[in-house]
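Worksheet: the structure to be examined is printed underneath.
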Amino acid sequence: MQTVLDVKSVEKSYGQTQVINHCSFKIQAGEIYGLLGINGAGKTTLMKMILGLQQTNNGSIYVLGQEVSGSPEYLSNVGSVIETPAFYEHLSASELLAMHLCYMKKKANIAEILQLVGLENVNQKPIAQYSLGMKQRLGLARAIIHQPNLLILDEPLNGLDPIAITEMRELMKKLTRDGMSILLSSHIIEEIKHTADRVGILSGGYIKQEFSVAEKMAECGERFEDYVIGLMKGN
């Protein structure tokens with residue numbers, strides 16, 4: 159199976175504070191990998207390094223075999239929603255996505271993507287009038303419209319109601335069935351449990367343990383959440 163993302167012994171410090179410490183993990187084609195850790199564990203920092211938004215102090219990151227610290231060309235194979243999506247809010251969704259495609263030098267069916275994320279009925283409304291959940295959906299549309307191999311989502315279910323959460327989970331699973339790989343971060347065990355194929359527990363700046371969600375749930379049964387909480391605390 160093809161390795162889409164390979165993080166090798168990555169380190170990141172801010173002054174005297176080491177946030178990421180010899181962190182390593184891999185993501186294979188067509189899987190959802192859940193990066194699970196408490197707030198402040200370094201999940202967003204790690205994602206920003208994968209996207210080239212922050213530099214590593216040590217270690218290497220490869221996307222489809224291309225090192226992140228080299229040419230930014232690899233970004234054409236990556237989509238992301240990091241923290242709260244920002245938009246030109248006077249534009250409509252269609253106008254925003256058209257501008258993004260122009261920037262990426264790509265072509266896509268905008269109406270089809272908006273339908274995929276459930277925004278087909280509001281695509282001409284100014285983004286300023288969107289709810290938080292609608293903006294989350296639009297952020298996802300912008301992240302996938304150029305059909306990336308790797309999708310990076312930082313806390314993607316924030317602000318969504320229960321119905322929208324279920325729809326978003328199904329959409330992520332559809333994207334992986336179509337060949338996309340997803341790196342999904344969260345501090346909420348329930349979210350990861352229902353979405354990810356594999357999980358990496360980020361604690362102490364590194365992946366403390368990695369496992370198949372289905373296998374670990376079968377092994378632990380009702381103790382699954384207690385087991386994961388212990389790992390997140392560093393036990």
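Here the sequence shown is numbered in my numbering, starting from 159 and rising by one per residue.
Don't be surprised by glycine CBs; every beta carbon is placed ideally from N, CA and C.
Source: prediction; values computed, not measured.
Per DSSP, cross-strand counterpart(s) of residue i
i, result
"Val357", "Gly192, Phe369"
"Cys260", "None, per the DSSP bridge assignment."
Limits of the unbroken alpha helix (DSSP H) element including residue i
i, result
"Asp336", "No alpha helix (DSSP H) holds Asp336; DSSP gives it neither H nor E."
"Ile105", "In the structure as shown, the chain begins at 159 and stops at 393. Residue 105 is therefore absent and cannot be evaluated."
"Glu383", "382 to 390"
"Ile346", "Ile346 -> no alpha helix (DSSP H), and no H or E assigned at all."
"Leu204", "201 to 208"
With 16 other Cβ atoms within 10 Å as the buried cut-off, status of residue i
i, result
"Gln287", "exposed"
"Lys346", "Rather than Lys, the amino acid found at residue 346 in this sequence is Ile. Exposed, by the Cβ-count rule."
"Met292", "buried"
"Leu294", "The amino acid at residue 294 is misidentified as Leu; the sequence shows Gln. The residue in question, Gln294, is buried, as its Cβ has 16 or more Cβ neighbours within 10 Å."
"Ala376", "exposed"
"Gly363", "buried"
"Gly358", "buried"
"Glu349", "buried"
"His417", "Nothing in the structure corresponds to residue 417, since the chain is present only between 159 and 393."
"Lys201", "buried"
"Pro230", "exposed"
"Met463", "What is shown of the chain runs 159 to 393, which leaves residue 463 out entirely."
"Leu341", "buried"
"Ala251", "buried"
"Thr214", "buried"
"Gly237", "buried"
Delimiting residues of the beta strand (DSSP E) encompassing residue i
i, result
"Glu278", "Glu278 -> no beta strand (DSSP E), and no H or E assigned at all."
"Lys170", "161 to 172"
"Lys184", "175 to 186"
Can you list the beta strand (DSSP E) stretches of 3 or more residues lying completely in the stretch 281 to 325, in chain order?
308 to 312
With a threshold of 8 Å, are at least 3 pairs of Cβ atoms found where one atom belongs to the stretch 212 to 219 and the other to the stretch 262 to 275?
no
Kindly provide the ranges of any beta strand (DSSP E) runs that are 3 or more residues long and lie completely inside the stretch 215 to 256, ordered along the chain.
216 to 221, 236 to 239
I want to know whether the stretch 307 to 327 touches the stretch 169 to 180 - three or more CB-CB distances under 8 Å.
Result no; under three Cβ-Cβ pairs closer than 8 Å.
With a threshold of 8 Å, are at least 3 pairs of Cβ atoms found where one atom belongs to the stretch 194 to 209 and the other to the stretch 372 to 385?
no
The stretch 184 to 191 touching the stretch 342 to 362, judged by at least three CB pairs closer than 8 Å:
yes
The stretch 247 to 263 touching the stretch 297 to 312, judged by at least three CB pairs closer than 8 Å
Short answer: they touch.
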